[in-house]
Structure formats: C-alpha cells, structure tokens
Amino acid sequence: MRLNRDFYIRNTILVARDLLGKILVRKEGKKLYKGIIVETEAYINSKDQGAHFSKGLTDRTRIIDEVGGHIYIYNIYGMYQLFNIVTEKKGVHGAVLLRAIEPIEGIEEMYKNRYKMEFNNPPRRKLINMSNGPAKLVMAMNISKNEFYGADLVTDNRIWVEDAPKLSLDQIARSKRINIDYAEIGRDYLLRFYVKDNPYVSK
DNA sequence: CTGATGATGTTCT
DNA sequence: GAACATCATCAGA
1 MRLNRDFYIR NTILVARDLL GKILVRKEGK KLYKGIIVET EAYINSKDQG AHFSKGLTDR
61 TRIIDEVGGH IYIYNIYGMY QLFNIVTEKK GVHGAVLLRA IEPIEGIEEM YKNRYKMEFN
121 NPPRRKLINM SNGPAKLVMA MNISKNEFYG ADLVTDNRIW VEDAPKLSLD QIARSKRINI
181 DYAEIGRDYL LRFYVKDNPY VSK
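Take the first sequence: its letter number 167 is residue 167 in this note's numbering, and every next letter is one higher.
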C-alpha cells in the first residue's frame, strides 16, 4: 500500500522517524526498484539554520511551500543530487532528506545505474556502496532533478513509498545531522534517524 | 582500517 | 567569488 497524504502532512520529525523501514519504490518502464529506507534527516522550521529554507524560500526551494508528499531535489557540489520529501501542511515548511536505502528488488538494474557496469558477482563492499549515502541512492534509482523536482509521491506513477510495519523504537537510533557544521543554530539537533546495525547506513 | 584531497558547477551574496 | 545536506581515490598505518 502506498503511503497517502496523511502520512506526509504530519510533524517533520515524526515523518523522518516513521519513514525508516518503509519502502521507496521507483518504476522506470518495465524496471522496478525497491529499497528499504534506513537513514533519514529532518530539516525543520526557520530557526534551523541547517535547513535550506531557514531564511525563506527561493527558486531552488519553492516546492517546500507545497503540501507534504512532494519531492524536493537539489544539486550539491556540482555533481550530485539529493532527494528530499516535503512534509507538513501547505505553507508550513519542512523536509526530510533520504540518506540511505537497502535495495531489495531490482538490485542488478540498480547496480548498473550506479556504476555503469554489468552486475557480475560483485564483492559485498560494492553492493553496500550502491546506496549507503544520499547521492548514491539517487544514482542507483536513476532519479534526476529534471524529471522529479516537484513530483508528488502520493499520486506519481514513477515513484512512491510503500507502507511497512512500524519499527520499534529500540530498532531506531538518533544522532546529529551530517555535514551541517556551518549552522550555528541547528548543528547539534538530533534530527538524523537510522536503523540500528543496518549495513547500508552511511559512514 | 583512517584521514586528506580534488572533482565540479549551481546557488547565493 | 564563496559556499556547498557528497563521493572516489589515494597515502599511510
């Protein structure tokens, strides 16, 4: 079952936590890719200097004004794109960054997307490296800003999130977010969530 | 295994 | 002109 609007329009931190264990599904023609979401980060209100929208929206971030469930993708470091899910009601700003997934279906195709190489008995190291980071999972699932900026996970037929049993709190760990040391207010917030002991969680 | 470094170009000041 | 929600690669231990 696809997650519906009600899931996404809640408090951003709850959405970030509850996305753990859910299944990100990407359909590309006849190919189907699925991965368990194992790591997320919440970006919250205007006091959170780590959030791109802390000083108001720009052309890059305009979609964050939309109702929860829309996709916010942005370019970073010239060569990468990061995937976020807009949260909260329309007009309330919040987003969740997906930082890692555990591939469970379409693995060989995802491997080709990721490495531009045939899947041929690869070492475990390379399987883990397929999607254990925010830009890596975007490459594995062949998601691009051009095609997916502003798409709606509640209605789109190329991408959505499937429900799965809720994880227990003792399966979930929490920490500071990665690489936002520049944010004097916000860098110490415990807004990164990940599945304990899952090998696909980023290093 | 760890830490350092360079790649690369859009966005914002 | 600087900053950047990252990754691959390489040197050293």
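Every residue gets a Cβ at the ideal spot worked out from N, C-alpha and C, and that includes glycine.
- Ranked by how close their Cα comes to the Cα of N157, the residues K27, A95 and L98 have K27 in first place.
- Exclusion of the five residues before and after N132 leaves A100, Y200 and S202 as the residues of its chain whose Cβ lies within less than 6 Å of its Cβ.
- Among the bridge pairs identified by DSSP, G35 is matched with L24 and P103.
- Relative to I63, the option among V25, I85 and A164 whose CA is nearest is I85.
- The closest CA to that of I73, considering only L32, V67 and T61, is found on T61.
- A16 carries a helical assignment under DSSP once its states are collapsed to helix, strand and coil.
- I159 counts as buried, since at least 16 other C-beta atoms from the protein chains shown sit within 10 angstroms of its C-beta.
- The segment 119-191 contains, as complete alpha helix (DSSP H) runs of 4+ residues, the segments 124-128, 134-140 and 145-148 (chain order).
- Between the C-alpha atoms of S168 and R2 there is a straight-line separation of about 21 Å.
- Proximity to A183 across L19, I71, H52 and G21 peaks at H52, based on C-alpha coordinates.
- Counting other Cβ atoms within 10 Å of its Cβ, L20 reaches 16 or more and is therefore classed as buried.
- Going by DSSP, Y8 is part of no beta strand (DSSP E) but of the alpha helix (DSSP H) stretching over R5 to Y8.
- The continuous beta strand (DSSP E) containing I71 extends over residues I71 to I76.
- In the structure shown, the three-state DSSP call for Y200 is coil.
- Beta-bridge analysis with DSSP links V86 to A95.
- It is roughly 47 Å from the alpha-carbon of G56 to the alpha-carbon of N120.
- Using a C-beta cut-off of 8 Å, the segment 171-185 makes no contact with the segment 78-95, since fewer than three inter-stretch Cβ pairs fall below that distance.
- Taken through DSSP and simplified to helix, strand or coil, R62 comes out as helix.
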